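Quick notes on the structure that follows.
Numbering (the working numbering), first residue to last: 9 to 177.
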């Protein structure tokens with residue numbers, strides 16, 4: 009059984025565009041994974057970070073992938089990619105990072121187990137996720153929602169600054 013999943017990628021350290029491209033390459037090279045769509049890349053202000061990190065803007069994008077692995081296995085593969093690319097987990101969940109990959113959705117599944125929450129519990133509150141997701145899946149309605157991704161984007165307050173950075177990566 010193949011599962012469609014939405015992945016949110018972000019980085020605020022180093023050569024950000026190159027890091028996003030490398031993460032995409034590694035995801036596409038994972039056994040059983042196929043990239044179906046990719047959003048443009050957006051530059052965003054960091055959200056919820058300490059004052060000393062506010063100058064480190066993020067690049068964010070969304071990949072739509074199809075794979076034959078279960079969501080927990082996909083989650084584990086994504087963590088391996090993050091670790092291999094130098095991501096260090098710390099108590100400060102908003103610390104700068106070379107790459108961050110979140111599993112936003114996996115088909116119409118709802119999962120709350122083993123450290124995995126699908127759909128991602130905060131995806132619909134974050135313009136840096138909703139904007140690129142709306143670019144590739146505007147009509148998608150995720151579990152727990154009654155609105156499409158495009159409608160959620162339209163209704164988000166404009167407080168978070170999201171600027172298109174690159175169409176291809």
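Cβ atoms here follow ideal geometry from the backbone N, Cα and C, with glycine treated the same way.
Note that the structure is a prediction, hence the values are computed from the model and not measured.
The closest CA to that of residue 39, considering only 116, 73, 132, is found on 73. Rounded to whole angstroms, the separation of the alpha carbons of residue 154 and residue 32 is 30 Å. A direct Cα-to-Cα measurement between residue 10 and residue 45 gives close to 16 Å. Looking at 140, 92, 160, 145, the one whose alpha-carbon comes closest to that of residue 34 is 92.
A distance below 7 Å separates the beta carbons of residue 177 and residue 25. DSSP places residue 161 in the uninterrupted alpha helix (DSSP H) bounded by 157-163. Every beta strand (DSSP E) of 3 residues or more that sits fully in the region 45-83 is shown, in chain order, as 49-52, 66-75. Under a 10 Å Cβ-count criterion, residue 52 is classified as buried, with 16 or more other Cβ atoms of the shown protein chains found around its own Cβ. Among the bridge pairs identified by DSSP, residue 19 is matched with 67.
Setting aside the 5 residues that flank it on each side, residue 42 is surrounded in the same chain by 36, 73, 74, 75, each with a C-beta closer than 8 Å to its C-beta; the list follows chain order. Per DSSP, the unbroken beta strand (DSSP E) holding residue 120 starts and ends at 119-121. The three-state secondary structure of residue 12, taken from DSSP, is strand. Between the alpha carbons of residue 108 and residue 168 lies a distance of about 19 Å.
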